[in-house]
Each structure stands twice: as C-alpha cells, then as structure tokens.
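K.L.:
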Amino acid sequence: MRISARFVLLACILAATSALAETHQVKMLNRGESGAMVYEPDFLAIAPGDSVKFIATHPTHNAASIPGFLPAGAEPFKGKINEEIEVTFSEPGLYGIQCIPHLAMGMVMLIQVGEPSASNVKIPAQLPARARQRFEQIVQRELSAP
Ligand SMILES: [Cu+2]
1 MRISARFVLL ACILAATSAL AETHQVKMLN RGESGAMVYE PDFLAIAPGD SVKFIATHPT
61 HNAASIPGFL PAGAEPFKGK INEEIEVTFS EPGLYGIQCI PHLAMGMVML IQVGEPSASN
121 VKIPAQLPAR ARQRFEQIVQ RELSAP
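The numbering used here applies: residue 1 is where the sequence shown begins, and numbers increase by one.
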C-alpha cells in the first residue's frame, strides 16, 4: 500500500492537535468536601476539544447533560449508572451536568468551555430547588474567585 505524503502530513497535524487537548477528571461521590452527593470538582473551565472523564468513585451515580443547559449545537449525552464516561466538549459555552438519580439532592456541576464567563449562565427555572441552589453557589464562588 502506498501512503501519500499529503496523508502523512495530515496525520501529523491531527496528532499534534489532539496532543494539545487535555482530559480532566471528575469524581462522582456520595460525600465530598462540599457535602453529600457531589461531583468533585463541581466546576471546570476547559478549552474547546478537551475531554472530561467522569469517574465512578462511589456507586449509584451517572453524568448526563441537562436539557436546555448546553450551548446551541452541542451534543447531549447521558452516561449509565456507575458508567465511567469520557465526554469531549467541542462547542464553546456553559454546560450543566446532572446525576439523574440525585438531581433533586443537588448533584450537579458546571463546565465552562472556552471564553464565556460563568456570569452568562442561564440556570433553567424548571430544575429542582437544590440543583438551582448549587448552580448559584458555584457561579457566585467562581465569579468572586481572584
Ligand atoms: Cu449521584
């Protein structure tokens, strides 16, 4: 088989691009520093093309996007319970993440991809009160961070 120089060049460019993308890790916990049923960390600011791996440190959790709480054009995702999934975030914007069994207990996190500041966040009004509260706490904390 003959491999063209153009193909080799393209492969090199792709390899160089993917080498820059980072994979961040988030633990799914029954109890963490900020209380019961938490993602740790509960906020990430990442670059477009980076990935997040959701680690099933404790059982009974999952990671899923929240309808209406992701950028236009972004692909929704839903991990199974106890499933460790790795999600690549290509579309810049703010993503709300939920643990479906513990949404009412406020098990959510916020992921900022690229430039948009957490101050631009629009927390969907139909979320349970505990989930909205935790998002508000995350946003307040990140905006007051030095
Ligand atoms: Cu959970």
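Note that the Cβ used here is the ideal one computed from N, Cα and C, for glycine as well. Keep in mind that this is a model prediction, so the values were computed, not measured.
Are three or more beta carbon pairs between the stretch 120-129 and the stretch 76-87 nearer than 8 Å?
P.N.:
With the cut-off at 8 Å, the stretch 120-129 and the stretch 76-87 do not touch.
K.L.:
Taking all protein chains shown into account, do 16 or more other C-beta atoms lie within 10 angstroms of the C-beta of Gln140, making it buried, or fewer, making it exposed?
P.N.:
Numbered from its first residue, the sequence shown carries residue 140 at position 140. Burial call: exposed.
K.L.:
Which runs of the alpha helix (DSSP H), 4 residues or longer, sit entirely within the stretch 70-142?
P.N.:
Here no run is fully enclosed.
K.L.:
Which stretch, first to last residue, makes up the beta strand (DSSP E) that contains Ala36?
P.N.:
For this step, residue 36 is matched to residue 36 along the sequence shown. Per DSSP, Ala36 belongs to the beta strand (DSSP E) from Gly35 to Glu40.
K.L.:
Are Leu94 and Ala63 closer than 8 Å when you measure CB to CB?
P.N.:
As a working note, residue 94 is residue 94 in the sequence shown. As a working note, residue 63 is residue 63 in the sequence shown. Not closer than 8 Å, so no.
K.L.:
Measure the beta-carbon distance from Ser182 to Pro59 and round it to whole angstroms, keeping in mind my assumption that it falls under 8 Å.
P.N.:
Outside the shown range of the chain, which is 1 to 146, sits residue 182, and nothing can be said about it.
K.L.:
Looking at Met37 and ligand 1, is the gap between the Cβ and the nearest heavy atom below 7 Å?
P.N.:
The sequence position of residue 37 within the sequence shown is 37, counting from 1. Yes, since a heavy atom of ligand 1 falls inside the 7 Å radius drawn around the Cβ of Met37.
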